[in-house]
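Undergrad: So the sequence lines, in the order shown, correspond to chains A and B.
Just so it is clear: in the first sequence, position 80 is 80 by our numbering, and no numbers are missing.
Just so it is clear: in the second sequence, position 142 is 142 by our numbering, and no numbers are missing.
A virtual CB, placed ideally from N, CA and C, is assigned to each residue, including glycine.
All of these numbers come straight from a predicted model, not from anything done at the bench.
This is the structure I want to talk about, given as structure tokens.
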Amino acid sequence: MLPAGSLNNRRGVASTRMAKAATLSQAEIERFVERAKRGDRRAFGRLVDEYKDKIYSYVSRMLGDPYEAEDVTQEAFVRAYRSLPRFRGAASFHTWLYRIAGNLAIDVVRRRKRNDVSAFSLDEPLESDDGEYEREIADDTGGPEDATGTRETQLAVRRAIMDLPEKLRDVMILYELQGETYEDIAEILDVPLGTVKSRLFNARNQLKERLQSLVEAGEIEVEQ
Amino acid sequence: MTCVEVRENLVICWGDADELSAEVLAHLAECEACRLEAMLLRETRIMLRSLPDEQAPVGLTEGVLARLADEEAQVGLPGRVAAWFVPQDQPAWARAAAVGVALALAVAGGSVLYHGQQPAGNEPETVVATTQGQVPGQAEYDELLLRHRALEASQALADDPGVTLVTYYR
Ligand SMILES: [Zn+2]
């Protein structure tokens, strides 16, 4: 199995920027959750504002389709609101949200499989000039480590992530791109910590192989 | 150290030399194949980090809130009422009564499906009320119920986001 040391290391850049978006303190979050539980939709709106980027980017990366991701994200928050009375606070609110969104995203993935729909709508959204992805790629919020890859590389990476088996994809996205901890991922996916680590290990290996074959074929370049 | 062991170490730190032990580094100095492997991992990490951040589309919060307002104005109430009134730490009669109230509201609301199943032995009785504003077909209903049951079996009082429902035990 894995060596004793953890798979610990620096996170993807996305995670540091993701963290920046958080503006509410833990106490505020708890207060808004309590108010939302009692039916205060404005309080819930504050929670949506707090977590929408996180949840949207997770779903979008799971699905590889910005339009579908928007629907799923919205649905996830609606369901979260409905389920709030049963949220006991045993899990943290954000892992609970992730879990709801993740279940919905997996449903979409499975439905696609049944209908044999291509998992990644690369062509249309990405190549249209008014598309969401245009906005998303251009939406560079600054910082020294911000998106540096070429468009081709980014596309290839997205595609390679989409090609991972869904269990590996989930862990890869949550850890490397969303910046979640092993402990939180274990809670989100309801699997033991060791499973998170071994999936991450396999995901890295597989991603490396997929991207490497593209580099060797000259289809993408690595920017150092 | 074997190449296999070295490669496990490499994956764990994305081939970053700063995080490798002296033993691994010594192996890399001797083994070209493992050096190549380390380079591939570093390249992979660079590519992964080339992905930009993703931000939720403008208007997402407003969209969510509008849907919630719509639902509550129409049929959402029974489901939420039921959920409010059925904390697991309440006595069984209170839970059953709350379910009754919720179902009465559901029937009054007219567009909330509910479904009760007679418990066999000590099995939980499950009542499902969706607040989708439309009555799901039998197949969808069965799927929701199955999913809830599976979750319920896997952990105590799982939150199944797939459906608003009420479960109580006789
Ligand atoms: Zn070697």
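I'd like to know whether the C-beta atoms of residue 68 of chain B and residue 51 of chain A end up nearer to each other than 8 Å.
TA: no
Undergrad: Between residue 101 of chain A and residue 76 of chain A, is the Cβ-Cβ spacing less than 8 Å?
TA: yes
Undergrad: Below 8 Å, how does it come out for the segment 86-97 of chain A and the segment 189-206 of chain A: are there three or more Cβ pairs, yes or no?
TA: Put simply, the segment 86-97 of chain A does not touch the segment 189-206 of chain A. Fewer than three CB pairs are less than 8 Å apart.
Undergrad: Run down chain A in chain order and give the residues with a C-beta less than 8 Å from the C-beta of residue 67 of chain B.
TA: Proximity of chain A to residue 67 of chain B at the Cβ level (cut-off 8 Å) is accounted for by 74 and 78, in chain order.
Undergrad: What is the DSSP secondary structure of residue 150 of chain A, counted as helix, strand or coil?
TA: coil
Undergrad: Which chain A residues are close to residue 56 of chain B, counting only those with a beta carbon under 7 Å from its beta carbon?
TA: In chain order, 52, 53, 56 and 73 make up the part of chain A whose C-beta sits under 7 Å from the C-beta of residue 56 of chain B.
Undergrad: On the premise that residue 37 of chain A lies in contact with residue 85 of chain A, defined as a C-beta separation below 8 Å, what is that separation, rounded to the nearest angstrom?
TA: 6 Å
Undergrad: Please tell me whether residue 40 of chain A has its Cβ less than 8 Å away from any Cβ of chain B.
TA: By this cut-off, residue 40 of chain A is not an interface position.
Undergrad: Three-state secondary structure (DSSP) at residue 136 of chain A?
TA: Note that residue 136 of chain A scores 37 on pLDDT, short of 50, meaning its location in the model is unreliable and no value can be drawn from it.
Undergrad: Is there at least one non-hydrogen atom of ligand 1 closer than 7 Å to the beta-carbon of residue 11 of chain B?
TA: no
Undergrad: Looking at C-beta atoms only, is the number of pairs between the segment 49-59 of chain B and the segment 8-26 of chain B that lie closer than 8 Å three or more?
TA: no
Undergrad: Can you check whether the C-beta of residue 201 of chain A is within less than 8 Å of a C-beta belonging to chain B?
TA: yes
Undergrad: State whether the segment 24-37 of chain A contacts the segment 24-33 of chain B, with contact taken as three or more CB pairs (one from each stretch) at a distance under 8 Å.
TA: no
Undergrad: With 7 Å as the C-beta to C-beta threshold (strictly closer), list the residues of the segment 98-117 of chain A near chain C in chain order.
TA: No chain C is present in this structure, whose protein chains are A and B.
Undergrad: Using beta-carbon positions only, say whether residue 182 of chain A and residue 167 of chain A come within less than 8 Å of one another.
TA: no
Undergrad: Determine, using beta carbons only, whether residue 188 of chain A and residue 73 of chain A come nearer to each other than 8 Å.
TA: no
Undergrad: Can you tell me where the alpha helix (DSSP H) with residue 39 of chain A in it begins and where it stops?
TA: Element bounds for residue 39 of chain A: n/a, residue is neither H nor E.
Undergrad: Taking residue 44 of chain B as part of the alpha helix (DSSP H), name the residues at either end of that continuous run.
TA: 32-49
Undergrad: Starting from residue 74 of chain A, trace the alpha helix (DSSP H) both ways and give me its first and last residue.
TA: 66-83
Undergrad: Could you tell me the alpha carbon to alpha carbon distance between residue 113 of chain B and residue 71 of chain B, rounded to whole angstroms?
TA: Because residue 113 of chain B sits at a pLDDT of 36, beneath the cut-off of 50, its placement in the model cannot be relied upon, and the point is left open.
Undergrad: Between residue 153 of chain A and residue 221 of chain A, how many whole angstroms is the CB-CB distance? I'm expecting something under 8 Å.
TA: Indeed, because the Cβ distance is near 7 Å, the residues count as touching under 8 Å.
Undergrad: Quick check on the burial criterion: 16 or more other C-beta atoms within 10 angstroms. Buried or exposed for residue 38 of chain B?
TA: Buried, since its Cβ has 16 or more Cβ neighbours within 10 Å.
Undergrad: Around ligand 1, what residues have a beta-carbon under 6 Å from a heavy atom of it, in chain order?
TA: B:3, B:6, B:27, B:31, B:33 and B:34
Undergrad: Is it buried or exposed for residue 66 of chain A, if we count other Cβ within 10 angstroms and need 16 for buried?
TA: Answer is buried; the Cβ neighbour count reaches 16.
Undergrad: Could you check where the alpha helix (DSSP H) with residue 3 of chain B kicks off and where it finishes?
TA: 3-12
Undergrad: Where do the ends of the alpha helix (DSSP H) carrying residue 17 of chain B lie?
TA: Where residue 17 of chain B is concerned, there is no enclosing alpha helix (DSSP H), given that its DSSP letter is neither H nor E.
Undergrad: Would you please verify whether the beta carbon of residue 154 of chain A is less than 8 Å from any beta carbon of chain B?
TA: Answer yes: the Cβ-Cβ gap between residue 154 of chain A and chain B drops below 8 Å somewhere.
Undergrad: What is the C-beta distance between residue 163 of chain A and residue 210 of chain A, in whole angstroms, given that I count them as a contact (C-beta under 8 Å)?
TA: The beta-carbon distance between residue 163 of chain A and residue 210 of chain A, rounded to whole angstroms, is 6 Å. This is short enough to meet the 8 Å contact definition.
Undergrad: Between the Cα of residue 160 of chain A and those of A:35, A:83, A:62 and A:68, spot the shortest distance and give me the residue it belongs to.
TA: A:62
Undergrad: Hey, residue 45 of chain B and residue 14 of chain B are a contact pair by Cβ (cut 8 Å); roughly how many whole angstroms apart?
TA: Sure, about 4 Å apart at Cβ, within 8 Å.
Undergrad: How is the alpha helix (DSSP H) around residue 181 of chain A delimited, first residue to last?
TA: That residue, residue 181 of chain A, is in no alpha helix (DSSP H); it is neither H nor E in DSSP.
Undergrad: Around the C-beta of residue 56 of chain B, are 16 or more other C-beta atoms found within 10 angstroms, so that it is buried, or is it exposed?
TA: buried
Undergrad: State the DSSP-derived secondary structure class of residue 105 of chain A, mapped to helix, strand or coil.
TA: In the structure shown, residue 105 of chain A sits in a helix (DSSP, three-state: H, G or I).
Undergrad: Around the Cβ of residue 1 of chain B, are there at least 16 other Cβ atoms within 10 angstroms (buried) or fewer (exposed)?
TA: exposed
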